[in-house]
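Just so you know, we're using my numbering here: the sequence shown kicks off at 129 and counts up by one.
All C-beta atoms, glycine included, are put in the ideal place defined by N, C-alpha and C.
Just so you know, these numbers come straight off a predicted model, no measurement behind them.
Take a look at the structure set out below.
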Amino acid sequence: MSQEVLFAFSLTLFAGLATGIGSLMAFFTSRTNTKFLSLALGFSAGVMIYVSMIEIFVKAKDALVGAMGVVSGNWATVGGFFGGMILIALIDRFIPKQDNPHEVRTVEEMNDPSKAAEHQGLLKMGTFAALAIGIHNFPEGIATFTSALQDPGLGIAIAAAIAIHNIPEGIAVSVPVYYATGSKKKAFKLSFLSGLSEPIGALVAYLILMPYLNDIMFGVIFAAVAGIMVFISLDELLPAAKKYDEAHTSIYGLVAGMAVMALSLLLFI
Numbered sequence: 129m130s131q132e133v134l135f136a137f138s139l140t141l142f143a144g145l146a147t148g149i150g151s152l153m154a155f156f157t158s159r160t161n162t163k164f165l166s167l168a169l170g171f172s173a174g175v176m177i178y179v180s181m182i183e184i185f186v187k188a189k190d191a192l193v194g195a196m197g198v199v200s201g202n203w204a205t206v207g208g209f210f211g212g213m214i215l216i217a218l219i220d221r222f223i224p225k226q227d228n229p230h231e232v233r234t235v236e237e238m239n240d241p242s243k244a245a246e247h248q249g250l251l252k253m254g255t256f257a258a259l260a261i262g263i264h265n266f267p268e269g270i271a272t273f274t275s276a277l278q279d280p281g282l283g284i285a286i287a288a289a290i291a292i293h294n295i296p297e298g299i300a301v302s303v304p305v306y307y308a309t310g311s312k313k314k315a316f317k318l319s320f321l322s323g324l325s326e327p328i329g330a331l332v333a334y335l336i337l338m339p340y341l342n343d344i345m346f347g348v349i350f351a352a353v354a355g356i357m358v359f360i361s362l363d364e365l366l367p368a369a370k371k372y373d374e375a376h377t378s379i380y381g382l383v384a385g386m387a388v389m390a391l392s393l394l395l396f397i
């Protein structure tokens, strides 16, 4: 296994295990820092949207146009982009809301007995919840891994953005599991392990996709990754950021994320 592949795996592991940070925040603070979460979610969305539309989509288009010609290449790029959106939308559609790790949860919920009944289903559905979390994070692992292989600087930026968005996801996972079991240890363990689905996604990409990774395969995957990241930003990150929002904090975070991503891309030209 080459150094480039190991680096890509390391980034994916870092991004996935950031869910554990969210669990720690849930268990060692008495109140949710809504301003921080709003800023962080907005920042993550800004990074993802900017890098997807300005960098990843363009690289996918260049690869596909070079391999297939102008007309076919452009159609394949757009098809891959919306195909990625459809994939992640279907994943969201078939995961029940109460077990969806992207639904917003707060630390205060753990101290509100009236909320406990909402999450008792996790007692019987713990395994399913873990599977649901894994399905959600699996495409993110592929996105981070393939991006890091193609461009290490781009991979670092995507891994950082996904790690930031996995922090509140860790809270979203650990709070209902804590309700169902009464165990902080079990809630932290499930939340932490759920992040492993991202490096598993990277492993699948390495074992299955790598042998076939030519310009066309790369272009389609990258276009789909762009679609997945834009969908996650618009459907999950920004609505969650607005829910926590204080005085347009999420929008400031969004603009800051775009600016930081733009600056980093300019510095590595």
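Considering just the uninterrupted stretch of the alpha helix (DSSP H) at residue i, what are its terminal residues?
i    : result
P367 : L366 to K371
D343 : D343 to I360
A387 : T377 to L395
I328 : S325 to V332
F319 : In the sequence as presented, Phe is not what sits at residue 319; that position holds Ser. S319 -> alpha helix (DSSP H) spans K312 to S322.
So, with DSSP's three-state summary, where would you put residue i?
i    : result
G144 : helix
H247 : Here H247 scores only 48 on pLDDT, less than 50, and its place in the model should not be relied on; the value that follows carries that caveat. Looking at H247 - three-state DSSP - the assignment turns out to be helix.
N130 : Note on residue identity: the sequence assigns Ser, not Asn, to residue 130. S130 falls in the coil class under three-state DSSP.
D279 : coil
F155 : helix
F222 : coil
M253 : Note that M253 scores 42 on pLDDT, short of 50, meaning its location in the model is unreliable and no value can be drawn from it.
N228 : Note that N228 scores a pLDDT of 49, beneath 50, so its modelled location is shaky; the value from the coordinates is reported in the next line. N228 falls in the coil class under three-state DSSP.
Could you tell me whether the Cβ of residue i comes closer than 8 Å to any Cβ of chain D?
i    : result
G281 : No chain D appears in the structure shown, which is made up of a single protein chain.
Three CB pairs or more closer than 8 Å across the region 329–340 and the region 196–203: Touching, no.
Every unbroken alpha helix (DSSP H) inside the region 168–202 [4 residues or more]: If one requires a minimum length of 4 residues, the alpha helix (DSSP H) runs lying completely within the region 168–202 are 185–196, in chain order.
Touch test, the region 166–177 against the region 285–293, Cβ-Cβ under 8 Å, three pairs minimum: Yes: at least three Cβ pairs fall under 8 Å.
Three CB pairs or more closer than 8 Å across the region 142–153 and the region 314–322: Yes, since at least three Cβ pairs between the region 142–153 and the region 314–322 fall closer than 8 Å, the two stretches touch.
Segment contact flag, the region 176–187 with the region 354–366, C-beta cutoff 8 Å, min 3 pairs: Here the region 176–187 lies against the region 354–366, with 3 or more beta-carbon pairs under 8 Å apart.
Inter-stretch contact at 8 Å, needing at least 3 Cβ pairs: the region 273–289 / the region 326–333: Flag = yes, the region 273–289 and the region 326–333 touch.
Segment contact, 8 Å Cβ cut-off, at least three pairs: the region 186–194 with the region 340–357: The answer is yes - the region 340–357 touches the region 186–194, with three or more Cβ pairs under 8 Å.
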